[in-house]
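Here is the structure we will look at.
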Amino acid sequence: MPTRGEGAGERRLILLRHAKAEPSGGVADELRPLALAGRSQCGSIGAGLVAADLLPDHVLVSSAVRTRQTWELVRSAMGGVPEPDVDVTDRVYEARTADLVSLVREIDDRVRTLLVVGHEPTMSGVAAALSGSGDDTALAQVRTGLTTGSYALLEVASWSALAPRAARLLDVVRPG
727 MPTRGEGAGE RRLILLRHAK AEPSGGVADE LRPLALAGRS QCGSIGAGLV
777 AADLLPDHVL VSSAVRTRQT WELVRSAMGG VPEPDVDVTD RVYEARTADL
827 VSLVREIDDR VRTLLVVGHE PTMSGVAAAL SGSGDDTALA QVRTGLTTGS
877 YALLEVASWS ALAPRAARLL DVVRPG
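Dropping the structure here:
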């Protein structure tokens, strides 16, 4: 299994809210595609992840159309970086905060950087629940919610030992 990133045991968790989606317009929620603005956001998200050296080893993606499209466009914008393991699952689409934390706990501890592409209010709820310390501005942002295409970056010691307030919230990044 590939491992990226340096550090003495710390892991990075990236909680990405999908990019801007089309309004429902009578379409089932899970079938809503990205809007043109959302497609544009994905390019800056991918480039930003590469620039920050946040290359995921593993990606969990909600099964909804807009999250799958977000991941595919972000991955494309990341260029020729090594392909991570990717799981597209209803478990992310349906997850509440505790459910997603449980899912992350199942990740192999050899994974150094995990990207989760999901939905609000779960993404910000997980970031807020796990954050025991961190940047005050970022903490305020996750408490009010992540805008489309934004992500919270957390540092954790272990996936399997993930617990409330056990992570450090490093940043909240909005697409440029």
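First residue of the sequence shown? That's 727 in this note's numbering, and the numbers climb one at a time after it. Cβ atoms here follow ideal geometry from the backbone N, Cα and C, with glycine treated the same way.
Asked	Found
Nearest residue (CA-CA) to residue 760, options 745, 750, 772 and 752	745
Strand pairing of residue 897, partner residues [DSSP]	879
CA-to-CA distance, residue 891 to residue 754, given in whole angstroms	35 Å
Residue of 854, 820, 786 and 804 minimising C-alpha distance to residue 780	804
Rounded separation between residue 883 and residue 786 - CA only	19 Å
As assigned by DSSP and simplified to three states, the class of residue 854	helix
C-beta atoms of residue 869 and residue 850 nearer than 9 Å	yes
Identified DSSP bridge partners for residue 791	Per DSSP, none; premise fails for residue 791.
Rounded straight-line distance, which links the Cα of residue 829 to that of residue 822	11 Å
Of the listed residues 840, 839 and 878, nearest to residue 855 (C-alpha basis)	878
Under the three-state DSSP convention, the category residue 833 falls into	coil
Under the three-state DSSP convention, the category residue 800 falls into	helix
Cβ neighbours of residue 815 in the same chain (closer than 7 Å, five flanking residues each side left out)	786 and 789
For residue 818, the nearest candidate out of 900, 895 and 742 (CA to CA)	742
Contact under 9 Å by Cβ, residue 894 with residue 858	yes
Counterpart residues of residue 784 in DSSP-defined beta bridges	811 and 840
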